[in-house]
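Comments concern the structure below.
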Ligand SMILES: [Zn+2]
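Numbering (my numbering), first residue to last: 34 to 206.
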């Protein structure tokens, strides 16, 4: 789309950090903070629901990897990963924003908690649940098959040298 910021960045091949046949990771000039990365499919699609699962998995795989890159490269303490999924009347280019965060950086992505009425919460939970049955029927079976594998590397033994590095990093304000 001509008026789309992502399609324009792709066409101009500007500030591209990573590119493959499916997606790109671009560093916008007007990011929320230095190191802000946008990961998006090359095709102008609007929502995760519009694309096959293996493509959405790939987008998150790339986003996770660039997030790891900002940890390593600029010493981010964490990231906010925000997905623009069908926003702006459903016309905006599907985008995963990876925003590096540091303690005290002043960025504010928080919202005011809005306590829900418990009946309303139950009703909405039930309504959403009716549309997500496919998760329990198909995906859960695959997950159950791998439930003996450690989900994170934390279950692995940490070598003492690495442990020292982690302790040192913990002390950095
Ligand atoms: Zn676009």
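Every residue, glycine too, gets a C-beta built ideally from N, C-alpha and C.
Taking C-beta separations shorter than 6 Å and ignoring five residues to either side along the sequence, the partners of residue 39 in its chain run 73, 126, following chain order. Note on geometry: alpha-carbon atoms of residue 161 and residue 167 lie some 12 Å from one another.
Scanning the segment 119–172 from its first residue to its last, the whole alpha helix (DSSP H) runs of 4-plus residues come out as 151–163. Close CB contacts of residue 78 within its chain, under the 7 Å cut and outside five residues either way in sequence, are with 84, 127 (chain order). Comparing alpha carbon positions, the residue from 148, 61, 35, 34 closest to residue 129 is 61. Across the set 44, 104, 80, 101, the C-alpha of 80 shows the shortest separation from the C-alpha of residue 120.
The set of residues with a C-beta under 6 Å from any non-hydrogen atom of ligand 1 comprises 34, 37, 39, 40, 77, 126, given in chain order. Rounded to the nearest angstrom, the Cβ distance from residue 103 to residue 58 is 11 Å, too far for a contact under 8 Å. Here the C-alpha atom of residue 64 lies approximately 15 Å from the C-alpha atom of residue 135. Counting C-beta atoms within 10 angstroms of its own C-beta, residue 132 has 16 or more neighbours from the protein chains shown and is therefore classed as buried. Per the DSSP secondary-structure output, residue 57 pairs in a beta bridge with 52, 73. Rounded to the nearest whole angstrom, the CA to CA distance from residue 75 to residue 56 is 5 Å. Following the DSSP letters along the chain, one finds residue 103 in no beta strand (DSSP E) but inside the alpha helix (DSSP H) bounded by residues 86–107. Counting other Cβ atoms within 10 Å of its Cβ, residue 106 stays below 16 and is therefore classed as exposed. Comparing C-alpha distances from residue 138 to each of 152, 112, 163, 144 shows the shortest one belongs to 112.
Take the alpha-carbon of residue 175 and the one of residue 86: they are about 14 Å apart. Within the DSSP secondary-structure output, residue 111 pairs in a beta bridge with 134.
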